[in-house]
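Engineer: Before anything else, here's the structure in question.
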Amino acid sequence: FAGEDIPPRRKIIEYTGELISRRETKRRAEGKELIYLFTVNSYWCRDGSVGGSGAEFINHCCEPNTEARVVGDRIFYHSLRDIRPGEELTLDYCFDKNVDKHVCKCGAKNCRGTLNLK
53 FAGEDIPPRR KIIEYTGELI SRRETKRRAE GKELIYLFTV NSYWCRDGSV
103 GGSGAEFINH CCEPNTEARV VGDRIFYHSL RDIRPGEELT LDYCFDKNVD
153 KHVCKCGAKN CRGTLNLK
């Protein structure tokens, strides 16, 4: 949640975590352990459950107030609009349409009903 006023286009937080290969990503995703994976590119992912900054706890919303920008192998969350103190920080997870469907209940006016892109 925002602790102060955040103006639009402000860098809020870097998504940190262990940089892992897609092979390791698949292995971890099949396990029972808690993971927070963010795809960096076609080969690398970051696992926020190992050395995460707290960004891994930002929830999905179909009408988010932040966006992720990948710069090299780093991920930064930026505000899309004014965010008020106490407002939950949200991000559209943009899961691929070809992976298992994940139901969304974000409550946004334009909720698409899934975390996956249509």
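Numbered per my numbering, the sequence shown spans residues 53 to 170.
We put the beta carbon where it would ideally sit given N, CA and C, even for glycine.
Source: prediction; values computed, not measured.
(1) Fully enclosed by the stretch 68–115, which beta strand (DSSP E) runs are 3 residues long or longer?
(2) Thinking G106 and I65 are a contact (beta carbons under 8 Å), I'd like their distance in whole angstroms, please.
(3) Return yes when the Cβ of R98 is within less than 8 Å of the Cβ of I127, no when it is not.
(4) Determine the extent of the beta strand (DSSP E) in which E119 is found, giving its start and end residues.
(5) Can you grab the Cα-Cα spacing for the pair N150 / T91, in whole Å?
(6) Tell me where the beta strand (DSSP E) around I127 begins and ends.
Structural biologist: Concretely, from the data shown:
(1) 70–73, 89–91 and 96–99
(2) Numbered from 1 along the sequence shown, position 54 holds the residue referred to as residue 106. Numbered from 1 along the sequence shown, position 13 holds the residue referred to as residue 65. About 7 Å separates the two Cβ atoms, so the contact holds.
(3) As a first step, residue 127 is located in the sequence shown; it is residue number 75 there, counting from the start. As a first step, residue 98 is located in the sequence shown; it is residue number 46 there, counting from the start. Yes. Within cutoff.
(4) In the sequence shown, residue 119 corresponds to position 67, counting from 1. Element bounds for E119: T118 to V123.
(5) Within the sequence shown, the letter at position 98 stands for residue 150. Within the sequence shown, the letter at position 39 stands for residue 91. So the two alpha carbons sit approximately 15 Å from each other.
(6) Here residue 127 refers to the residue found at position 75 of the sequence shown. From DSSP, the beta strand (DSSP E) with I127 extends over R126 to S131.
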